Amino acid sequence: MQSAPSSRKMFSNHLSIGECLMKFVRSLLMGGAMAAVGGLAVWCSLPSAMAQKEAKSEGTKPEPKKFEFKPGQEYKSGVEWPEPKVVTPGPTSVSPPADAIVLFDGTDLSKWKNGDKWIIKDGEATAAKTGISTKDSFGDCQIHLEFASPAVVKGNGQGRGNSGVYIMGRYEVQILDSYENKTYFDGQCASLYKQHPPLVNVCRKPGEWQTYDIIFESPRFDADKKLTRPGYVTVLQNGVIVQNHFELHGGTFFDRPAAYVPHGPKAPLDLQFHGDAVKFRNIWIRELVDIQPVMKKDAEPAK
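Now the structure itself:
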């Protein structure tokens with residue numbers, strides 16, 4: 039019996055498809071079962087072998103080299119930034135800078151609706167009769183104000199030195215005499231009312247002046263009044279961070295859960311009258327506008 043051709047030998051010699059097929063048929067005609075098996079093995083393995091040969095001849099495409107900066111080489115983004123505007127700061131950290139809108143300088147509350155209802159004396163405005171709202175509207179902003187709860191302590195909990203800063207008339211940073219005065223934590227001084235307690239309690243004694251510095255990012259809504267970005271609030275009380283870029287859950291309410299109600303990009307700032315003679319002074323606000331880069335048509339990141 040004729041021995042079957044070695045599939046390894048045929049593979050190594052890279053026979054053509056026609057030659058392999060002829061040998062396979064010849065083996066069948068000669069009645070050699072072993073030859074048939076061997077030929078079939080070669081026939082089945084041939085496409086794979088040829089594919090390997092073709093891939094070897096063509097070679098694999100090299101991956102693009104990753105750019106590596108040389109030590110000491112300067113990175114340039116290719117972004118053209120406009121020059122930041124020069125703003126003269128106030129003489130102290132609590133003084134209004136040159137671009138601030140002064141809402142109360144100690145003389146009058148003419149920039150507020152119902153401002154004539156409050157008591158102004160010795161450069162201080164004392165809450166009375168009703169809350170007040172700014173005549174102008176604001177969106178993203180930086181707010182500074184100083185407040186003092188009554189020196190003579192009356193009441194406790196929420197009934198002691200209660201007021202509030204309502205940003206856009208909806209999002210309250212609580213004002214309360216929380217010096218040795220227990221109440222629910224998400225309602226104490228510097229809380230985002232019913233949403234988040236202050237990180238720490240840094241309240242001064244009743245009657246002493248305190249500061250709020252608030253950075254507010256307004257929520258965004260699309261044309262269909264759908265929320266596209268939540269609001270964020272950062273608060274410093276007496277120079278200490280008490281709210282760190284907190285994501286608002288919506289409006290702050292006493293009688294229902296927080297929820298967003300669609301509104302415009304700007305709205306007035308409110309100061310609450312809650313029945314207590316809380317004093318205010320040195321109130322100013324700055325509108326925040328991001329710097330927009332200008333890309334050159336031919337600008338590319340440095341390589």
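Mapping of the sequence shown onto this note's numbering: position 198 corresponds to residue 236, and the numbering continues sequentially without gaps. A virtual CB, placed ideally from N, CA and C, is assigned to each residue, including glycine. Computed from a predicted model, the values in this text were never measured in an experiment.
Quick one, are the C-beta atoms of residue i and residue j less than 8 Å apart?
i           : j           : result
residue 250 : residue 273 : yes
residue 305 : residue 175 : yes
residue 17  : residue 210 : Because the chain spans 39 through 341 in this model, residue 17 falls outside it and cannot be assessed.
residue 172 : residue 307 : yes
residue 229 : residue 248 : no
residue 203 : residue 236 : no
residue 253 : residue 120 : no
Nearest CA to the CA of residue i: which residue from the options?
i           : options               : result
residue 144 : 135, 221, 255 and 322 : 322
residue 127 : 228, 229, 137 and 151 : 137
residue 216 : 203, 196, 184 and 308 : 196
residue 331 : 122, 112, 111 and 109 : 122
residue 198 : 184, 173 and 225      : 225
residue 264 : 242, 288 and 279      : 288
residue 166 : 185, 153 and 214      : 153
residue 194 : 219, 185 and 147      : 219
Which value, in whole angstroms, describes the spacing of the CA atoms of residue i and residue j?
i           : j           : result
residue 267 : residue 258 : 5 Å
residue 227 : residue 180 : 19 Å
residue 294 : residue 312 : 19 Å
residue 159 : residue 125 : 31 Å
residue 302 : residue 318 : 28 Å
residue 129 : residue 108 : 45 Å
residue 205 : residue 118 : 34 Å
If you run the structure through DSSP and keep just helix, strand and coil, what is residue i?
i           : result
residue 196 : helix
residue 223 : helix
residue 153 : helix
residue 241 : coil
residue 324 : strand
residue 260 : coil
residue 175 : coil
residue 190 : coil
residue 290 : coil
residue 333 : strand
Measure the beta-carbon distance from residue i to residue j and round it to whole angstroms, keeping in mind my assumption that it falls under 8 Å.
i           : j           : result
residue 315 : residue 188 : 5 Å
residue 270 : residue 285 : 6 Å
residue 240 : residue 200 : Actually they are not in contact, since the Cβ atoms of residue 240 and residue 200 sit about 18 Å apart, beyond 8 Å.
residue 156 : residue 139 : With a Cβ gap of about 19 Å, residue 156 and residue 139 do not count as contacting.
residue 282 : residue 132 : Between residue 132 and residue 282 the Cβ distance is about 21 Å, and since that is not below 8 Å, they are no contact.
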